[in-house]
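Position in the sequence shown (first residue = 1) + 62 = my numbering. The beta-carbon is built from N, C-alpha and C at its ideal position, and this holds for glycine as well. This structure is a prediction, so every number in the text was calculated from the model and none was measured. What follows is a short report on a single structure.
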Amino acid sequence: MKKVDIIIVGGGAGGLAAAIEAKRTDRDKSVTVLEHLPRVGKKILATGNGRCNLGNLNADTHLYTNAAFASKVMNKFNAQSLVEFFQSMGLYTRADSEGRLYPLSNTAASVLDALRFECENLGVDIVCDYKVNSVKKADGFIINGEYKCDSLILACGGKAAPSQGSDGSGYPLLKSLGHSVTALSPCLVQLLTDTAKTKALKGVRASASLSLTTGGNARGEILFTDYGISGIAAMDLSRYVVPDKKAEIIIDLLPEYSFEAAKEIIVKTARHNPALPIESLLGGLMHKAVGTAVIKSALGFLPKAAAEIGAKQAGIIAAEIKNFTLALKGTKGFNDAQVTKGGASVKEFDAHTLESKKHKGLYACGELLDVDGACGGFNLAFAFSSGRAAGQNAAKKCSF
Ligand SMILES: Cc1cc2nc3c(=O)[nH]c(=O)nc-3n(C[C@H](O)[C@H](O)[C@H](O)COP(=O)(O)OP(=O)(O)OC[C@H]3O[C@@H](n4cnc5c(N)ncnc54)[C@H](O)[C@@H]3O)c2cc1C
Numbered sequence: 063m064k065k066v067d068i069i070i071v072g073g074g075a076g077g078l079a080a081a082i083e084a085k086r087t088d089r090d091k092s093v094t095v096l097e098h099l100p101r102v103g104k105k106i107l108a109t110g111n112g113r114c115n116l117g118n119l120n121a122d123t124h125l126y127t128n129a130a131f132a133s134k135v136m137n138k139f140n141a142q143s144l145v146e147f148f149q150s151m152g153l154y155t156r157a158d159s160e161g162r163l164y165p166l167s168n169t170a171a172s173v174l175d176a177l178r179f180e181c182e183n184l185g186v187d188i189v190c191d192y193k194v195n196s197v198k199k200a201d202g203f204i205i206n207g208e209y210k211c212d213s214l215i216l217a218c219g220g221k222a223a224p225s226q227g228s229d230g231s232g233y234p235l236l237k238s239l240g241h242s243v244t245a246l247s248p249c250l251v252q253l254l255t256d257t258a259k260t261k262a263l264k265g266v267r268a269s270a271s272l273s274l275t276t277g278g279n280a281r282g283e284i285l286f287t288d289y290g291i292s293g294i295a296a297m298d299l300s301r302y303v304v305p306d307k308k309a310e311i312i313i314d315l316l317p318e319y320s321f322e323a324a325k326e327i328i329v330k331t332a333r334h335n336p337a338l339p340i341e342s343l344l345g346g347l348m349h350k351a352v353g354t355a356v357i358k359s360a361l362g363f364l365p366k367a368a369a370e371i372g373a374k375q376a377g378i379i380a381a382e383i384k385n386f387t388l389a390l391k392g393t394k395g396f397n398d399a400q401v402t403k404g405g406a407s408v409k410e411f412d413a414h415t416l417e418s419k420k421h422k423g424l425y426a427c428g429e430l431l432d433v434d435g436a437c438g439g440f441n442l443a444f445a446f447s448s449g450r451a452a453g454q455n456a457a458k459k460c461s462f
């Protein structure tokens, strides 16, 4: 049996960060990453549309699921520390107006290269094409009956985007060690809705504010599709979807204006040009096709021209603009999701060290834990920060 000080299961964002931090904490400790794909970091390459939105300057104040736990992790390994972590490997970042961090190279491959080369530089042993199927607690941990380690870091990710390696196989490992896993569902994923009102809008984008009748809201771009809605705001709203619970999505298509202001604009526009074709009545406020769908939904029919819109109709249309409602039918599945909602119960891990409260020397990090954040670099930020915390503490504590 091969004996290693620290074994990390999963060579994704969290696992590679854990390996680097463990070696930097104690160069004498042997660190092995076991990865079942032929290469580490496949998912990193797909992030941020190939640009890798690796963090967010506001990650420390962002509200993650299980916010108290996540904020303890993010307080120590905060956004500034993430920027410096990458700079220490020669990778520099730039933040956009919303604090989203991207590599200066604008390519995700450079982020993975930085992590891979640093692992190599530090002497981390990376074993690919190696799937971990069993973990047993002995004096330390026995992996697949082939490896023995003093400290074990589970960094297997969740169930989202399984083609990129995270096939959910970390959960049985956790359960076999007596840990609980909360209900799992796809998150940061497209929303399935009733499409009767939006059939003609396929491919059209809008800037909107969304809220779910069961709680939760999001703001940003949406994209109407043949199954429902996509786009950053829809993906963010998916964090609040409760599977199998009936809900409606209320879309405010003019979040910058109040109902009264919207009504006044419509009245003015109709008075100014009564001959305006009805399809163009809202054309100065939103995409023409969206405006037409809104008027049809509000009035139940499409008048011919603006002349038919008086104060009463303007009020009805303004109300529809502010409350364009679609029945939620669910979400797309794990294959389309960016993140998993649910995971290893955070009650069973110490937020400062990421160590299990059930087994000394066992750690978990990243998406495997029951922590998820919105779009914008928050999920990678959590994976890197929790991975670093786990790696550092594993190296400090392990005693082979
Ligand atoms: C298309 C897409 C785009 C995204 N874009 C962004 C973005 O721009 N910004 C952002 O913050 N987040 C983004 N995310 C989310 C983010 O990528 C994840 O939250 C993050 O990668 C989680 O890191 P992790 O290390 O916990 O898990 P992962 O990155 O999933 O890594 C887990 C690793 O463990 C390996 N593994 C699993 N089980 C085993 C096993 N039993 N044995 C051996 N190896 C195993 C897997 O192969 C994988 O390499 C995106 C996700 C997707 C799918």
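Contact between the region 306 to 317 and the region 329 to 339 is absent, with fewer than three C-beta pairs closer than 8 Å. Rounded to whole angstroms, the separation of the alpha carbons of residue 139 and residue 317 is 35 Å.
The residue among 94, 96 and 250 with its C-alpha nearest the C-alpha of residue 302 is 250.
Annotation: residue 179 to residue 153 spans about 11 Å, alpha carbon to alpha carbon. Residue nearest to residue 236 within the set 351, 115, 411 and 75 is 411 (criterion: CA-CA distance). Residue 118 carries a strand assignment under DSSP once its states are collapsed to helix, strand and coil.
Counting along the chain, no beta strand (DSSP E) covers residue 326; the unbroken alpha helix (DSSP H) around it starts and ends at 321 to 334. In this structure, residue 214 and residue 424 form a Cβ contact; the two beta carbons are roughly 5 Å apart against a cut-off of 8 Å.
Contact fails between the region 406 to 420 and the region 262 to 270, because fewer than three Cβ pairs, one in each stretch, are under 8 Å apart. Shortest Cα-Cα distance from residue 186 to any of 222, 89, 319 and 374 involves 89. Residue range 141 to 149 is occupied by the alpha helix (DSSP H) that includes residue 143. In the structure shown, residue 387 adopts extended strand secondary structure according to DSSP, grouped into three states. The residue from 293, 328 and 358 with its alpha-carbon nearest to that of residue 369 is 328.
The nearest non-hydrogen atom of ligand 1 is less than 8 Å from the C-beta of residue 192.
In the DSSP assignment, residue 102 falls outside any beta strand (DSSP E), carrying neither H nor E.
Shown here for residue 170: same chain residues with a beta carbon closer than 8 Å to its own, the five before and five after excluded, namely 106, 107, 108, 109, 110, 112, 113 and 114 in chain order.
Checking the DSSP bridge columns, you'll see residue 411 partnered with 418. For a cut-off of 8 Å, the C-beta gap from residue 69 to residue 87 is around 16 Å, too long to register as a contact. Residue 279 has its CB no nearer than 8 Å to any heavy atom of ligand 1. Relative to residue 436, the option among 65, 121, 80 and 201 whose CA is nearest is 121. Under the three-state reduction of DSSP, residue 455 is assigned to helix. Within 10 angstroms of the beta-carbon of residue 136 lie 16 or more other beta-carbons, which makes it buried.
In the DSSP assignment, residue 171 falls within the unbroken alpha helix (DSSP H) covering 170 to 184. One thing to note: residue 359 has its Cβ no nearer than 9 Å to the Cβ of residue 350. When the Cα atoms are used, residue 346 and residue 289 turn out to be separated by approximately 27 Å. Cβ neighbours of residue 305 within its own chain (closer than 6 Å, five residues either side excluded): 247.
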